[in-house]
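Numbering (the numbering used here), first residue to last: 30 to 180. Take a look at the structure below.
Laid out in structure tokens, this is it:
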């Protein structure tokens, strides 16, 4: 919504009062002020790994230590975090080798960030649907069956 037009501007608003009930945003442009309703977005992708164990995908907000949401999937499946406000997020995944069903991962459980070894931020814009937060967990699981011989 264009709420104000002008030929030129100086200074800034000292107070901004917006109606309640929506997540409002506004842009001060060279010759007008535009008011908009922020919409929420999503972050999705898939996890590539080789394991029969449960995979946890974690969504962190702002800092990688601030866990927001977790989903449980299997290797090769997709994940989706929805209804996300426009902010900075980080996505990581780990294999629950001991099937504890809870996090954080134990020291021996494989973990990977979106884009590899270090946390990489996803700057989610208003209403954006980021669908390529794919994660590769470099872990090879070998199942060995040994026969048992009884005398």
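We put the beta carbon where it would ideally sit given N, CA and C, even for glycine.
Next on the checklist: Tell me the DSSP secondary structure of residue 86 in three-state form.
Outcome noted: Here residue 86 refers to the residue found at position 57 of the chain shown. Reduced to three states, the DSSP call for residue 86 is strand.
Next on the checklist: Suppose the cutoff is 7 Å on Cβ atoms and the five residues either side in sequence are ignored; what does the same chain contact list for residue 31 look like?
Outcome noted: Here residue 31 refers to the residue found at position 2 of the chain shown. Excluding residues within five positions, the ones whose Cβ falls inside 7 Å are 61, 63.
Next on the checklist: Please classify residue 127 as buried or exposed, where buried requires at least 16 other C-beta atoms within 10 Å of its C-beta.
Outcome noted: Residue mapping note: residue 127 aligns to position 98 of the chain shown, counting from 1. Looking at its Cβ environment, which holds fewer than 16 other Cβ atoms inside 10 Å, residue 127 is exposed.
Checklist entry - Nearest to residue 36 by CA position, among 156, 58, 107, is which residue? => result Residue numbering aside, residue 36 sits at position 7 when the chain shown is read from its first letter. If we check each option's Cα against that of residue 36, 58 comes out closest.
Checklist entry - Can you tell me the Cα-Cα spacing of residue 53 and residue 68, whole angstroms? => result Here residue 53 corresponds to residue number 24 of the chain shown, with the count starting at 1. Here residue 68 corresponds to residue number 39 of the chain shown, with the count starting at 1. Each residue's alpha carbon lies about 9 Å from the other.
Checklist entry - Taking all protein chains shown into account, do 16 or more other C-beta atoms lie within 10 angstroms of the C-beta of residue 156, making it buried, or fewer, making it exposed? => result Indexing the chain shown from 1 puts residue 156 at position 127. Counting Cβ neighbours within 10 Å, residue 156 comes out exposed, since fewer than 16 surround it.
Next on the checklist: Helix, strand or coil for residue 62? Go by DSSP, reduced to three states.
Outcome noted: Residue mapping note: residue 62 aligns to position 33 of the chain shown, counting from 1. In the structure shown, residue 62 sits in a strand (DSSP, three-state: E or B).
Next on the checklist: I'd like the list of long-range same chain contacts for residue 121, defined as Cβ closer than 8 Å, with 5 residues on each side in sequence excluded.
Outcome noted: Taking the chain shown and counting its residues from 1, the one referred to as residue 121 is at position 92. Within the same chain, residue 121 has close Cβ partners 86, 87, 89, 93, 140, 141, 142, 143, 148, 164.
Checklist entry - Are there 16 or more other CB atoms within 10 angstroms of the CB of residue 48, so buried, or fewer, so exposed? => result Within the chain shown, numbered from 1, the residue matching residue 48 stands at position 19. Under this definition residue 48 is an exposed residue.
Checklist entry - When you compare each of 123, 133, 162, 97 to residue 81 by their alpha carbons, which one comes out closest? => result Taking the chain shown and counting its residues from 1, the one referred to as residue 81 is at position 52. Minimum Cα distance to residue 81 is reached at 123.
Item to check | residue 121, DSSP secondary structure in three states | outcome: Position 92 of the chain shown, counting from 1, holds the residue named residue 121. Residue state, collapsed to three classes: strand.
Checklist entry - Would DSSP call residue 68 helix, strand or coil? => result Residue numbering aside, residue 68 sits at position 39 when the chain shown is read from its first letter. DSSP places residue 68 in coil when its eight states are reduced to three.
Next on the checklist: Which same chain residues end up closer than 6 Å to residue 91 when comparing Cβ atoms and leaving out the 5 residues on each side of it in sequence?
Outcome noted: In the chain shown, the residue the question calls residue 91 occupies position 62. So the qualifying residues of the chain are 117.
Item to check | Candidates 65, 134, 70, 66: closest to residue 99 by CA position | outcome: The count along the chain shown starts at 1 and reaches residue 99 at position 70. Out of 65, 134, 70, 66, 134 has the C-alpha closest to the C-alpha of residue 99.
Next on the checklist: Within 10 Å of its beta-carbon, does residue 119 have 16 or more other beta-carbons around it, so buried, or fewer, so exposed?
Outcome noted: In the chain shown, counting from the first residue as 1, residue 119 sits at position 90. Buried, because 16 or more other Cβ atoms sit within 10 Å of the Cβ of residue 119.
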